[in-house]
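Here's the structure, in structure tokens; my notes come after.
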Amino acid sequence: MADVIDFFSKLFMAESWPARWYCGIWTGFHGWLYIGSNIAIWAAYFAIPFVLLYFIVKRNDIPFIRVFWLFILFILACGVTHLVDAILFYYPAYRFSALILFICAVISWITVVALIKILPQALSLKSISQLEKIISSRTKNLMLVSADLQRQNGQLLNYAHITSHDLREPISNIISLIELHDMEDDKKEREKYYSMFKSESNNMLSTLNELNEALKIQNSDEVDRQQVSFDEVLEEVLKSISTLIKQSKTTVEADFSALDKIYYPRIYLSSILMNLISNAIKYKHPDRSPHISLRTRAVDGLEILECSDNGSGLDLKKYGNKMFRLHKKFHGNEDARGVGLFITKNQVDAMGGTIEVESEPGSGTKFMVKFNAIKNNI
């Protein structure tokens, strides 16, 4: 204890030692190189904490802020040891130098312990490349969500148009028929109005059912996806409309060699093929028997189904923006209801795909279904 008291009582006294210049044989160059280097290190060690402090002030969201402060103290303490080491050449306060070294050692080990404690957390931090991958992945997901929301918004606008336009007219007709029925005294006339009223009611109910079916399609989570064979589904479809094919003398050519199977709801693929084929037969050219060509392609991860026919075709400049709307008909075919392509479009959209059409009057029509277009950002 006496040594400790003596140490601190004579902390800044230098009588017990000569200045370092006189300890050993120093040349001028050697001595000043030693002194200058220590002072330069001290200056750098004092500058670094100010840079770190500026960084902490500007970025108050940095992790492990306490470790940053410990590093500042550690660097300052190291800098002081070099400054004192240079001073010893002129003023040999070795007791003070020892105390400074002790303080630096304590701060150093506190910093080591703090680093060991945060090491697991620090190792769990993402690297810049990992963060870039995460951001890229999330950006892609947001783009997919945005595309899906835009698609759904467009569908909602379409449904609003259907509700305001396609239902308003039959409702107005029903109101008019009721008024005419109530005003008419003749029994036969009243029965005629009643029959017309029933017909309009059935038409409106049919429209509501078709719209409801399209809305159900949008909830794709309820539809099971599975590995489906194009050949098997086409065979089922052709069997179900074999009479129509024979009567219309239709020939169907299929080439699914490039993509023979797809992970897709079987009921949707069957409906898509059914609507495309029946649509080609309904709108056949009056001067030739229908010929339908089906083929699949796989291009850069994109799964494509093409359906081409030699039918009447249509003017896309005139009708293109109405092609997939409900109850839109472009030829005088009495069997057409304008529902099939509307349902097909909703099915394809619900599964994250797109459907495109190419056609010219008198030259047939070609439909191209891209099953996974949204997933591939196409």
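The opening position of the sequence shown corresponds to residue 1 in this note's numbering, with each subsequent residue numbered one higher.
Positions of the beta carbon are idealized from the N, C-alpha and C atoms, including for glycine.
Remember, it's a predicted structure, so these values are computed and weren't measured experimentally.
Asked                                                                                                                     : Found
Cβ separation of Thr296 and Ala350, assumed to be a contact under 8 Å, to the nearest whole Å                             : Incorrect: roughly 20 Å between the Cβ atoms, too far for contact.
Proximity of Phe46 and Leu76 at Cβ, strictly below 8 Å                                                                    : yes
Cβ neighbours of Leu276 in the same chain (closer than 6 Å, five flanking residues each side left out)                    : Cys307 and Phe367
Nearest-angstrom Cβ-Cβ length linking Glu191 and Ile174, presumed shorter than 8 Å                                        : 16 Å between Cβ atoms; not a contact.
Boundaries (first-last residue) of the alpha helix (DSSP H) holding Tyr94                                                 : Tyr94 to Ser124
Cβ-Cβ separation, Ile171 to Phe197 (assumed contact under 8 Å), whole Å                                                   : Their Cβ separation, rounded to whole angstroms, is 12 Å, which puts Phe197 and Ile171 out of contact at 8 Å.
Arg297 - DSSP class collapsed to helix/strand/coil                                                                        : strand
Cys307 - DSSP class collapsed to helix/strand/coil                                                                        : strand
Ala336 versus Lys282: straight-line alpha-carbon distance, rounded                                                        : The pLDDT assigned to Ala336 is 46, lower than 50, so where the model puts this residue is not dependable; a value taken from the coordinates is nonetheless given after this. The straight-line gap from Cα to Cα measures roughly 7 Å.
Supposed close pair Ile39, Ala86 - CB separation, criterion 8 Å                                                           : 5 Å
Close beta carbons around Val228, own chain, < 7 Å, minus the five adjacent residues each side                            : Lys261, Ile262, Tyr264, Arg266 and Leu269
Cβ-based burial, Leu11 [other Cβ within 10 Å; buried from 16]                                                             : exposed
Contact under 8 Å by Cβ, Tyr94 with Trp17                                                                                 : yes
Under 8 Å between C-beta atoms of Trp32 and Gly79                                                                         : no
Cut-off 7 Å between Cβ atoms - residues of its own chain near Phe71, not counting five sequence neighbours on either side : Leu52 and Thr111
Backbone secondary structure at His291 - three-state DSSP                                                                 : strand
For Lys10, three-class secondary structure by DSSP                                                                        : coil
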